[in-house]
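Visitor: Okay, handing you the structure first.
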Amino acid sequence: MTEINKDMTIGEILSVAPNVAPLLMGVGMHCLGCPASQGETLEEAAMVHGIAIDELMAYLDEKKDTWA
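If you want the working numbering, it's the position in the sequence shown, counting the first as 1, plus 285.
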C-alpha cells in the first residue's frame with residue numbers, strides 16, 4: 286500500500302498516488318500542476334496554503350481508501 290509523508294515532494298506524491306490530487310485540491314492546494322510546487326514538500330505546500338500539516342496528514346490517512 287502506498288505511503289505518503291510530509292517530507293515527500295508534491296511531485297513524488299503525485300507520481301506514487303495520483304488519486305490523492307482531488308483531495309489536495311479539495312483542501313485548497315490548487316497549484317498541483319505548477320512547476321514550482323513539484324519540488325515543494327507536502328509540509329511546505331501546506332504551510333504556504335495555511336493548512337495545518339498534522340490535520341492534513343490525518344485527513345489523508347482517513348481518506349486512504351480513495352487514493353492508495
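Using N, Cα and C, we set each Cβ at its ideal position, and we do this for glycine too.
Taking DSSP as the reference, what is the three-state secondary structure of T287?
Guide: Counting from 1 along the sequence shown, the entry for residue 287 is found at position 2. Three-state result, T287: coil.
Visitor: Could you spell out where the alpha helix (DSSP H) holding M314 opens and where it closes?
Guide: Translated into positions along the sequence shown, residue 314 becomes position 29. No alpha helix (DSSP H) contains M314, which DSSP labels as neither H nor E.
Visitor: Within its chain, find whatever has a CB closer than 7 Å to the CB of I336; leave out the 5 residues flanking it on each side and keep chain order.
Guide: Position 51 of the sequence shown, counting from 1, holds the residue named residue 336. If we look at I336 and ignore the five residues flanking it on each side, its Cβ neighbours are V312 and G313.
Visitor: For T294, which beta-bridge partners are listed by DSSP?
Guide: Walking along the sequence shown from the start, residue 294 turns up at place 9. T326.
Visitor: Where I338 and L327 are concerned, what is the direct C-alpha to C-alpha distance, given to the nearest angstrom?
Guide: Residue mapping note: residue 338 aligns to position 53 of the sequence shown, counting from 1. Residue mapping note: residue 327 aligns to position 42 of the sequence shown, counting from 1. Taking the straight line from one Cα to the other gives about 8 Å.
Visitor: Which first and last residues belong to the alpha helix (DSSP H) in which I336 is found?
Guide: The residue given as residue 336 occupies position 51 in the sequence shown. Segment: none, I336 is in no alpha helix (DSSP H) and carries neither H nor E.
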